[in-house]
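Engineer:
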């Protein structure tokens with residue numbers, strides 16, 4: 007779920023809205039730009055004191071189930087391991103053929 011904001015709203019108010027939404031849904035806050043996950047408390051602590059944050063950035067902040075983040079990370083790791091295995095095989099085969 008993305009937070010959509012009034013362009014005239016204070017960013018600190020939007021931060022509180024995002025955090026309250028996350029708490030109500032028992033979810034965490036995800037920043038797609040940095041690919042970082044925050045508990046609602048961590049997000050509030052890090053950003054609540056700022057009143058002039060980029061509203062576009064805030065609009066892209068998502069409230070998600072952190073388990074989805076773990077599952078996505080597992081898929082990414084599996085993809086990387088598959089490509090690594092293929093590369094290792096190519097290297098071994100290449101040098102085996104050079105002997």
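Residue numbers (this note's numbering): 7 to 105.
Heads up, the beta-carbon is just placed ideally off N, CA and C, and yes, glycines get one too.
According to DSSP, what are the bridge partners of residue 55?
Structural biologist: Paired residue(s): none; residue 55 is not in a bridge.
Engineer: Please state whether DSSP places residue 19 in a helix, a strand or coil.
Structural biologist: Reduced to three states, the DSSP call for residue 19 is helix.
Engineer: Give me the residue from 37, 73 and 57 with the minimum Cα distance to residue 49.
Structural biologist: 37
Engineer: Between residue 31 and the rest of its own chain, which residues show a CB-CB distance below 7 Å, the 5 nearest in sequence each way excluded?
Structural biologist: For residue 31, where only same-chain residues beyond five positions count, the Cβ hits under 7 Å are 69.
Engineer: Return helix, strand or coil for residue 65, following the three-state DSSP convention.
Structural biologist: Three-state DSSP puts residue 65 in a helix.
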